[in-house]
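Let me begin by presenting the structure, written as structure tokens, before commenting on it.
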Amino acid sequence: MSMRASRKIPLYAVVAAGVITLVLPLMLSSTNTEIYVTIGLYTIVVAGLSLLMGFAGQVSLGQAAYYGVGSYTAAILALHGWSPLVALIAAPIATAFLAFLVGVPLLRLKGHALAFGTLAFQLIFLAVVPETASLTGGSIGLSAIPSLRIGPLAISSGRDYAYLVWIVVVATLIIARNITRSRPGRGLRAMAASVSGASATGVEVERYKLKDFTLSAAFAGIAGGIYVFFIGYVSPDAFPVVLSIEFVIMVVVGGIGTVSGAFVGAALITVVSQVLTSLGTSPSLPPQLPTVLSLGVYAVLLIVILRLLPSGLVGAFSRLWKKAQSASPISHVEGDGTEGAISATGSEEPDELTLADEV
Amino acid sequence: MAEAGEFLVARDLTLSFGGVQAVNSVSFSIAKGELRGLIGPNGAGKSTLFHLISGHFYPDRGSLVFEGNRIENKSPAARAKMGISITFQAVHLFSGMTVLENVMVGGHSWTKHEWLEASFRLRRCRNEERSIREKAMWALTMVGLERYANQLAESLPLGRQRALQIARALCSMPKLLLLDEPASGLRGDERRELLSLLEKLHENALTMILIEHDVDFVTKVAPRISVLDQGQVIADGTPDEIREHPAVISAYLGTAISHEVN
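Residue numbers (my numbering), protein chains in the order written: chain D, 1100 to 1458; chain F, 2 to 263.
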């Protein structure tokens, strides 16, 4: 279900999702809880990236760097005596501010050049962190990060984090949905469809791209902040370039520019990546196998999705859902030849913003 | 016929692409509430002139004054906010959005709430969203598309897509509406609907400039017509004056109007 159509999500589905989210942490092993938290964190990052890719039509190959900036901001502030909660709140703000500064020159680039620019930002991040050991702990990283407290509540167990992260997931998804459904979101969506049309209706295209870029970084920043308190340790190894690529794949697999696609993509790719890692780490196999294997699988997945399901899994499912619904008699209200037009759109699925050729 | 006022005044507007003078030292003025027809052969520079007014092109030379303000170097978005709205010759729809949402984008120019207010649906966001929605429904009703409100924009047939563009422009509550060949590709009944819509808007004192290929169509609705040829204004007057103007006849010689003139 896309951001537009999501108002049609039936109540029972929302309730069911809520119950599952609440009950699941009680039943999971500690390893699985970690995966559960990771899926939540990635959903937040991917929701932001999806807003950027789907609406500003820009691909960021450096989103893991913003995730990292959020992590380091929270870790450094917490280690310097700030209250962990304040440090966590500061993480998205600092990340957004940095993205704004980087975005001003970067967004002058277009298409592939911009994608490489964002990749360059990540490489610079990965190069700078080891060189600023006094602040960031260098390549060894920062440890003994104080645990998170919200008022009298100590957030310490994996289960606590599972609840915290899913509260933040819901909050960010609501924010994403609120934005896409009101003036700024309409401006963004208009911009993705026609830049000249959008600017003719008063949308300040360049400014909107910058805001979208900044917002997507803020999402990555809050996720990074939670991550660092959850793990209690941060080093540059946690933010490899391949993680940025995973984020892009998650967006594409779930469905570009959709809120629920963020969750589907994040969950699926996180699980796939876990499976591949455990497959590839059998004792008799070479140590670099997991990385090679996952890159290969991502490549195949990306090609298959872009060729066969350009609107992602969520888009494909919502199309099936619409078809099933239009098979029921109530939906045939329109007269004068518009049915043909409706069924035509149903088969081409233009109601998902597919920017496949930008990827 | 309205005498030229101070509403929109162009002086010496010039724009060339490479060696071609697309718009060559064009001066004109439009009075408030006027409906001005703009005709000319293919490649005369009509659409280019519109893009100079809407801000999608910037002139090499010359000035453009809208309600006393110089606008020739302002961005399209800034001009939209000042009340200049354009419907393009090639339909620029926002695909993936419903008909109603397309029109609601038009409300962008007169509302203010931004990302933070939208994120948390603060009061200004809620209020403005409500008035944008009301205005959009009004605009859809004006062009007769209200029953398609929740359909995807790209599923409409071409004639309705053109009407949708006009609705979007109306939702922006324009002071000046630039219509670039709104009747092209329309069927007979759709043309008549468009004609009556333009008459209604004209009665409501909306200032409009209408580019139209079909001279017959323009003469029915525009009390005054300017003729552009090779980037220059070659004539200006009532439909009758235009028909008899020697420069117009020679510019159109061999095309539709010569037929009519004779």
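Glycine residues also receive a C-beta, built at the ideal position from the N, C-alpha and C atoms. In this text the structure is predicted, and so the values were computed from the model without any measurement.
Next on the checklist: I'd like to know if Arg1248 (chain D) contacts chain F, where contact means its C-beta is closer than 9 Å to some C-beta of that chain.
Outcome noted: no
Item to check | Contact set for Gly1436 (chain D): own chain, Cβ-Cβ below 8 Å, skip 5 residues either direction | outcome: Confidence at Gly1436 (chain D) is low in this model, with a pLDDT of 37, below 50, so the placement of that residue should be treated as unreliable; the coordinate-derived value is given next. Cβ neighbours of Gly1436 (chain D) beyond the five flanking positions: none.
Checklist entry - Does Leu1314 (chain D) come within less than 9 Å of chain A when only Cβ atoms are used? => result Of the chains in the structure shown, none is chain A; the protein chains are D and F.
Next on the checklist: Would you say Arg1282 (chain D) lies against chain F (beta-carbon separation less than 9 Å)?
Outcome noted: yes
Item to check | Local Cβ density within 10 Å of Tyr1135 (chain D), reported as buried at 16 or more and exposed below that | outcome: buried
Checklist entry - Contact between the region 196-205 of chain F and the region 123-136 of chain F: three or more CB pairs below 8 Å? => result no
Checklist entry - What in chain F is Cβ-close to Gly1286 (chain D), meaning under 9 Å? => result Val106, His109
Checklist entry - Near Gly1354 (chain D), which residues of its chain fall below 7 Å by C-beta distance, leaving aside the five closest residues on each side in sequence? => result Gly1360, Ser1410, Gly1411, Leu1412, Val1413, Gly1414, Glu1451
Checklist entry - According to DSSP, what are the bridge partners of Val1333 (chain D)? => result D:Leu1241
Item to check | Below-9 Å beta-carbon distance, Arg122 (chain F) vs any chain D residue | outcome: yes
Checklist entry - Assuming Leu1392 (chain D) and Gly1379 (chain D) make a contact with CB atoms under 8 Å, what is their CB distance in whole Å? => result 5 Å
Next on the checklist: Could you tell me which whole alpha helix (DSSP H) segments of length 4 or greater appear in the region 6-40 of chain F?
Outcome noted: none
Next on the checklist: Determine whether the beta carbon atoms of Val92 (chain F) and Cys172 (chain F) lie at a separation below 9 Å.
Outcome noted: no
Item to check | Residue burial classification, Asp181 (chain F) (beta-carbon count within 10 angstroms, cutoff 16) | outcome: buried
Next on the checklist: Please report whether the beta-carbon of Ile1119 (chain D) lies at a distance below 9 Å from any beta-carbon of chain F.
Outcome noted: no
Checklist entry - Which whole runs of the alpha helix (DSSP H) in the region 100-153 of chain F are 4 residues long or more, in chain order? => result 100-106, 116-120, 124-143
Item to check | For Phe1362 (chain D), the three-state DSSP class (helix, strand or coil) | outcome: helix
Checklist entry - By Cβ distance below 6 Å, which residues in the same chain neighbour Gly1161 (chain D) in space, the five residues on each side in sequence not counted? => result Thr1217, Leu1218, Phe1220, Gln1221, Ser1343
Checklist entry - Can you tell me the Cα-Cα spacing of Glu1433 (chain D) and Lys47 (chain F), whole angstroms? => result Only weak support is given to the placement of Glu1433 (chain D): the predicted model assigns it a pLDDT of 39, under 50, and the value that follows is read from those uncertain coordinates. Roughly 38 Å separates the two Cα atoms.
Next on the checklist: Less than 9 Å between CB atoms is the rule here; does Met98 (chain F) satisfy it with respect to chain D?
Outcome noted: yes
Checklist entry - Roughly how many angstroms separate the alpha carbons of Ile250 (chain F) and Phe89 (chain F), rounded to a whole number? => result 27 Å
Checklist entry - Ordered along the chain, which non-local residues of its own chain (more than five positions away) have a Cβ less than 7 Å from that of Ala184 (chain F)? => result Arg192, Leu195, Glu213, Asp215, Phe218
Checklist entry - Which chain D residues are close to Pro129 (chain F), counting only those with a beta carbon under 9 Å from its beta carbon? => result Checking the sequence shown, residue 129 (chain F) turns out to be Glu, not Pro. Per Cβ cutoff of 9 Å: Ser1281, Arg1282.
Checklist entry - Does DSSP classify Gln90 (chain F) as helix, strand or coil? => result coil
Checklist entry - Since Val1511 (chain D) contacts Leu1140 (chain D) with CB under 8 Å, what's their CB separation in whole angstroms? => result What is shown of chain D runs 1100 to 1458, which leaves residue 1511 (chain D) out entirely.
Checklist entry - With 16 as the cutoff for other CB atoms within 10 Å, does His1431 (chain D) come out buried or exposed? => result In this prediction, His1431 (chain D) has a pLDDT of 40, which is less than 50 and means its spatial position is unreliable; what the coordinates show is noted afterwards. Burial call: exposed.
Next on the checklist: DSSP three-state label for Gln1157 (chain D), please.
Outcome noted: coil
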